[in-house]
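Chains A, B, C and D are the protein sequences, given in the same order. If you number the first sequence the way my numbering does, the last residue is 401 and the count never jumps. If you number the second sequence the way my numbering does, the last residue is 401 and the count never jumps. If you number the third sequence the way my numbering does, the last residue is 401 and the count never jumps. If you number the fourth sequence the way my numbering does, the last residue is 401 and the count never jumps. Idealized CB from N, CA, C, for every residue including glycine. Remember, predicted model here, so these are calculated numbers, not experimental data.
Protein chains: 4
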Amino acid sequence: MDKKIGLLIVGVNGAIASTAIAGVEAIKRNLAKPTGLLTETEAVAGVDLVKLSNIKFGGWDIVQEPHFQCLKKHGILEESLITKLEKEPYDIDFFSAPRTGITNHIMNIDSTMHIDDIMIPVKDAVRQIIENINEFKNKYNLTGCVVVNLSSTEPRKENLEFLNTIELFEDAVNKNNPDISSGMIYAYASIKAHAPFINFTPSATVDIPALKQLAEKERVAVAGNDGKTGQTLYKTVIAPMLKWRNLKLLGWYSTNILGNNDGRVLEDPNHKKTKIMSKTKVLDNILGYDDFYHRVEINYYPPRGDAKEAWDTIDFQGWLGTNMSMKINWIGEDSILAAPLVIDIMRLLWAAYERGAYGVVRELAEYFKDPIDCKDHDFSNQILLLQKFIEILKDNN
Amino acid sequence: MDKKIGLLIVGVNGAIASTAIAGVEAIKRNLAKPTGLLTETEAVAGVDLVKLSNIKFGGWDIVQEPHFQCLKKHGILEESLITKLEKEPYDIDFFSAPRTGITNHIMNIDSTMHIDDIMIPVKDAVRQIIENINEFKNKYNLTGCVVVNLSSTEPRKENLEFLNTIELFEDAVNKNNPDISSGMIYAYASIKAHAPFINFTPSATVDIPALKQLAEKERVAVAGNDGKTGQTLYKTVIAPMLKWRNLKLLGWYSTNILGNNDGRVLEDPNHKKTKIMSKTKVLDNILGYDDFYHRVEINYYPPRGDAKEAWDTIDFQGWLGTNMSMKINWIGEDSILAAPLVIDIMRLLWAAYERGAYGVVRELAEYFKDPIDCKDHDFSNQILLLQKFIEILKDNN
Amino acid sequence: MDKKIGLLIVGVNGAIASTAIAGVEAIKRNLAKPTGLLTETEAVAGVDLVKLSNIKFGGWDIVQEPHFQCLKKHGILEESLITKLEKEPYDIDFFSAPRTGITNHIMNIDSTMHIDDIMIPVKDAVRQIIENINEFKNKYNLTGCVVVNLSSTEPRKENLEFLNTIELFEDAVNKNNPDISSGMIYAYASIKAHAPFINFTPSATVDIPALKQLAEKERVAVAGNDGKTGQTLYKTVIAPMLKWRNLKLLGWYSTNILGNNDGRVLEDPNHKKTKIMSKTKVLDNILGYDDFYHRVEINYYPPRGDAKEAWDTIDFQGWLGTNMSMKINWIGEDSILAAPLVIDIMRLLWAAYERGAYGVVRELAEYFKDPIDCKDHDFSNQILLLQKFIEILKDNN
Amino acid sequence: MDKKIGLLIVGVNGAIASTAIAGVEAIKRNLAKPTGLLTETEAVAGVDLVKLSNIKFGGWDIVQEPHFQCLKKHGILEESLITKLEKEPYDIDFFSAPRTGITNHIMNIDSTMHIDDIMIPVKDAVRQIIENINEFKNKYNLTGCVVVNLSSTEPRKENLEFLNTIELFEDAVNKNNPDISSGMIYAYASIKAHAPFINFTPSATVDIPALKQLAEKERVAVAGNDGKTGQTLYKTVIAPMLKWRNLKLLGWYSTNILGNNDGRVLEDPNHKKTKIMSKTKVLDNILGYDDFYHRVEINYYPPRGDAKEAWDTIDFQGWLGTNMSMKINWIGEDSILAAPLVIDIMRLLWAAYERGAYGVVRELAEYFKDPIDCKDHDFSNQILLLQKFIEILKDNN
């Protein structure tokens, strides 16, 4: 009998999560083709992956709202598709997100959120998450479970010493240290519950030394950071092109406008900083020099809704010091681009995990803006890495 | 003593040729950095290549005009640089282009060209070119000589039987067959003179079966077709990105505007057809499907001068059939982008030739819009091929 | 009791016509706001215009297809709106388009069109159209009727002598002259039936001398040519801006891609020529000089559907001969932009007609790419003309 | 004999000032055409304006640097033009800018500026400026003198009571109130010296009630605020186009990148705020509604130099609530666009002044982003106002 794997999502009522779940359901019912999913193409032919129909969805969110209501609110899927899906409804296991007081700043942004104010200590939050994972696995008789972080970007604090070792981190958990972020709690609990963890956001989770060490110690596979969905995706193909023609980059100005909740959170300078840091390292790493001006702007622009528009102007110098430029205007849909990546990464990460991989799975670098412990941001090299990885998976079916 | 290699250019007074030659001279005199030249970067470190200062330039053109006058007319280099170069002038060996009657249609486009009307049979043209090559080698005591075709795009005729074998082709040469194009004559003569030949244009030369066979028989290295300088360059990086995300291409509309002589020649529908054919195959080959609408337009637009501007709109479909798009505006300088490629290819092709390579050198595929006998247009794969090639060159110094 | 006016549309099953009719019905039922209609804003406050609910729709087409089927086929309205409209259906009077053999070239483009091949002489076609108009007026007890030409662009023949006078034209009608186009037949019949005529296309109709004379003689108001919906609209605001800053235009390259039936017809070089001629005069007229390069390209690009995308690059020179440029990317919906204009022009033309205007109503110049007998294409001057016109209408209620 | 008029520039060594002066000198010597100058076209034919050759230049700056050195540093003019101008040098009267301590924040931005630290009271600064103006007039026997503010944007403080009346303002001058900005000092002194004043910046000068009253009392003509050179210029033509088609604006996102000193100053959030406020009011005023999202971003981007690039995405709604958009990419040269405006405004303002105009000359609204006491930002209406103004000037020669 085919294995069944759970996917537990932090932020299960958000735009990406609900779009991913509804999409998989639509594909299962032949209401849509699996466009956007690499794991449904010939590229992975021969790899034994969990079947789309054997993925069981669940997750946490700070506010409970029925899935179909979320889909309508986010306004990403066409109403006619939602209507068709509603005819044959499906269950998503919802767990109330444990509150430790640390996510307050996020909650305040939406006055429509009504949250009871009971806060609990960090170690209780950890215990609750582990229980949720185990309960979910038992309830559906799952072979295993992957946890993915799709919640809003959190601010990063610098120089926190307790992030450096497992011992210091666990001590901080026990002492309810207020610098432990929500993302760290989920990552820690997932590793302890032996659920592979994906950090699809730029927040601090499995990239901190303590949790990388823990993932190795507990032999759990993890991956991150920050799903590469748009502007950074094409940056990682254009920059190598410049490099291999010895065209000298002078400057790259990138602006992003988006009108979804992600955009609203990123209006907050602290959150934006975490995001922009995750986006700017990529060019230096590919080009091998940094004497150019790289600027990334993100602006909240409500008329755009979930459609994330980007504009770039790329200034470079060629033969005899001649200046030239390239401008790109990207009109993408953020959640539409992100949703299939969540499914692709989940399937590939599980496949690696069940074949014995643990710690950071660097072979998934291509899926991330800021891949953990990977200095090579060149798309083509990352794809090569992924191709070899797929070969290895195939050979170890 | 270091080897000296000649570079004989068909169209030596044109924009690309004069920009390439002046650029190399500027680098030699420390008036410019070698930006744009891959063969001056670490990527080729350790490969024994002909030194920039040991390349001797010469070539043919249908009209004779002093080099510095050409530079001023083309308006690509800054006047101040031309002035500096003129202070310490350099020689370029000029050969009058043999006329067989076939290039008439090109000549007519510029009323300022005054050409004596003496036409000669094809076989005499071949003999003259071979003599020019040998004379050039002897005069400067060159180790060898590479010929590159930078002349205007010629119309291609379909279904010419004499192109299929060496015997039929040589018979056509002897019988002065009017379907033998100017490009074929230069390619044929170069191979016979054992000068490696580069076809930087989309015209028919070393891609015809007869001349590929001849290159193998005579053990001469050749490369082509059509230098990849702008729009096709970024097509070969964007298309693989779509492929590896399983984003379905629906349509790609490409328009080009250019105001140089190349643009004027391409106004002629027959010439344009050769060019556009060379540009359109690339997407199907990368994506592995062709049910999308691909349209390439080229328009003569004098205000742009040599600056070739392109605009693309790329329509693709993602998760749940959602349509998205990407638009690119490329503001490049045609000759500035092409000039260093000519030097890069020449150095690499010679290096391969002197190490024993002959026939079509497919490893140089990355440099061409329509690489001969190469189905893989993916930039990253082509770069990988080039990297391996460079390794082999290094190992065989 | 309020007056009722008929609007008879040549091409009533086309995209613009069906979108205009469905839109008016949607506004009447409060399913949509009258966005896009100037005649529903304060700008026309106080002018006695025919009410939206008192416009009765009908028209001709070469193929009969139910209105709601047309709406679905064109794919412009959202399905949910069509569904709502269908619940309370409305009638559109359909007349079979008389065939004289001249529209053959258009018909051939769509193999799904099944047309009986009975062709009739021009004078019979004229008689049929007049009868249709009168029948329509009587059936609904209309005060009057406006005819608007929304059919596909027809090729224009140069130097047809019979277009110069009423007598020669009527003689040609009687002799079944094959150079009489379909558009001319409708325009002639409308004027004879005293129905004001709007030429929303670039085809030859009321701009030919014979029909202008006839409109004056018969005291019928007419307007045209070629509804100004997108690229030409912004050209007529950008060009005056350049003029009033004494910024010298060097070149304006305009490309259009569209995937609807209009785009398909314009692939035919003869049709395209008529369209492009209508689009190119505008800049010279505004700027007062013509020593710049103006190029307009129109390309059929199916992925775009009815969404007509345009890209322009505008090159100009400023202080000290410095070159600068402006690039515009317009992502409009052709029929969505055109539909309200049809209603606006119809209401304003009828208002003028019932107040005694006849011949070409130049005050409506703003609505046309190539306004008949109007040399001033400056948008601001045209708007001023329109404002004064609205004042006069108001004073003559 | 023809009148001679002085133009005294606050910021005479800046990019706009030196480009304007050098440009006029180039035109006088037939080294350039007066492209960009409306006052050299037929539009002003028949108006008695000061001749270009009769404008005498001078001004103040916080650092003294020879004019030709400034030209080279700014890098706007071609070197070859500077060389030609230098052959026949011209004088510019330089006055040291009086320092009151208020401009400190600006000075700090450029470590290359070496400024002696002697600060003087505001009333002494006023006295010095008046003396400079009179000295300049006497030295060259000028009929009069216009002062234009081209210095860097200053922060604006809200709710300063002393700005409301002449009395309070003069009292503040005498008491050396630290909230008196540098711009106010120049404006005040100019009016007292009966020199018409142009505020080409968004800083607070002649728009404050006290100085408007003073201009009326002293019968001096003044004009401002903030020269309209690029993005706002096309906003004032695109917005009326939307209005007259009843296309509902949903959002307008504008980003600007510039690499000159102006850009560096605008990196400071306080300075940027003054600038952005001056840019955002314009759309509401034209459209007559404000329920859309308007966002203007300005970013310092060194690779661009003086070339100010802008990108806009304009989202609007048409018939049946259909969303459409327009994107504009403006590649202008800031100083090249501004320089001729300074000359145009100076000539027109003087012409008005000598014919008896005083107070704010609203007829020059078209030249400003935020015209003082003018609610109508529609370019076409502003041009109409200007046309009428020119007619009046002509009639009063």
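For residue i: DSSP bridge partner residues
i: SER100 of chain B; result: B:ASP65
i: ARG299 of chain D; result: D:TYR257
i: VAL364 of chain A; result: A:VAL226
i: VAL152 of chain A; result: A:ILE13 and A:ILE202
Short CB-CB distance (under 7 Å) between residue i and chain D
i: GLY40 of chain C; result: yes
i: PRO273 of chain A; result: no
i: GLY27 of chain C; result: yes
i: TRP315 of chain C; result: no
i: ILE394 of chain C; result: no
i: GLY241 of chain C; result: The sequence given here places Val at residue 241 of chain C; Gly does not occur at that position. With 7 Å as the cut-off, VAL241 of chain C counts as an interface residue toward chain D.
Partner residues on chain A for residue i, Cβ-Cβ distance less than 7 Å
i: LYS331 of chain D; result: ASN333
i: ALA36 of chain B; result: LEU324 and GLY325
Among the options, the one whose alpha carbon lies nearest that of residue i
i: THR198 of chain B; options: B:ILE13, B:GLY148 and B:THR87; result: Correcting the residue identity first, residue 198 of chain B is His in this sequence and not Thr. Of the candidates B:ILE13, B:GLY148 and B:THR87, the one whose C-alpha sits nearest the C-alpha of HIS198 of chain B is B:GLY148.
i: ILE261 of chain A; options: A:LYS312, A:LEU253 and A:LYS232; result: A:LYS312
i: VAL130 of chain A; options: A:VAL48, A:ASN178, A:ASN264 and A:PHE201; result: A:ASN178
i: LEU324 of chain A; options: B:ILE80, B:ALA19, B:LEU11 and B:PHE72; result: B:ILE80
i: HIS78 of chain B; options: B:GLU44, B:GLY18 and B:SER186; result: B:GLY18
i: GLU135 of chain B; options: B:ILE59, B:ALA225, B:TRP64 and B:ALA176; result: B:TRP64
i: ASP211 of chain D; options: D:ASP230, D:LYS32, D:ILE31 and D:GLU222; result: D:ASP230
i: GLY255 of chain D; options: D:TYR293, D:LEU154 and D:GLU220; result: D:TYR293
i: VAL151 of chain A; options: A:MET188, A:LEU167 and A:ARG160; result: A:MET188
i: LYS1 of chain D; options: D:THR43, D:ILE31, D:ALA361 and D:GLU358; result: In the structure as shown, chain D begins at 5 and stops at 401. Residue 1 of chain D is therefore absent and cannot be evaluated.
i: LYS7 of chain B; options: B:PRO344, B:VAL54, B:PRO182 and B:PHE173; result: B:VAL54
Chain C within 7 Å of residue i, Cβ atoms only
i: LEU324 of chain D; result: yes
i: LEU403 of chain B; result: As shown, chain B starts at 5 and ends at 401. That puts residue 403 of chain B outside it, with no answer to give.
i: ILE113 of chain B; result: Summary for ILE113 of chain B: the model assigns pLDDT 42, below 50, so the residue's position carries little reliability, and this model does not support an answer.
Contact list for residue i against chain D, beta-carbon separation under 8 Å
i: ASP319 of chain A; result: PRO307 and ARG308
i: THR45 of chain C; result: ASN250
Within-7 Å CB hit, residue i to chain B
i: TYR238 of chain C; result: no
i: SER384 of chain A; result: yes
Contact with chain A by residue i, beta-carbon distance below 7 Å
i: TYR357 of chain D; result: no
i: GLY336 of chain B; result: yes
i: MET117 of chain D; result: Reliability fails at MET117 of chain D, whose pLDDT of 45 lies under 50, so the model's placement of it is uncertain and the value that follows must be treated cautiously. No, MET117 of chain D does not count as interfacial toward chain A.
Residue i: contacting residues in chain D (beta-carbon distance under 7 Å)
i: PRO344 of chain C; result: TRP323
Within chain B, the residues that residue i reaches when beta carbons sit closer than 9 Å
i: ASN303 of chain C; result: TYR257, THR259, ARG299 and GLU301
heavy atom of the ligand SAH below 6 Å from residue i C-beta
i: ARG160 of chain D; result: Among the components of this structure there are no ligands whatsoever, and the ligand SAH is therefore not found.
Where residue i meets chain B, residues with beta-carbon distance less than 8 Å
i: PHE61 of chain A; result: Simply none; closest approach about 16 Å.
Proximal chain A residues relative to residue i, where beta-carbon distance stays under 9 Å
i: ALA30 of chain B; result: LEU324
Inter-stretch contact at 8 Å, needing at least 3 Cβ pairs: the stretch 46-64 of chain B / the stretch 261-274 of chain A: They do not touch, by the three-pair rule.
Between the stretch 230-249 of chain B and the stretch 328-337 of chain B, are three or more C-beta pairs nearer than 8 Å? In short, these stretches touch, since the Cβ pair count reaches three.
Under 8 Å, with one C-beta from each stretch per pair, do the stretch 297-312 of chain B and the stretch 23-30 of chain A reach the 3-pair mark? The stretch 297-312 of chain B and the stretch 23-30 of chain A do not touch, with fewer than 3 CB-CB distances between them shorter than 8 Å.
With contact counted as at least three CB pairs below 8 Å, one residue from each stretch, are the stretch 286-304 of chain C and the stretch 349-368 of chain C in contact? Touching, no, given that fewer than three Cβ pairs across the two stretches are closer than 8 Å.
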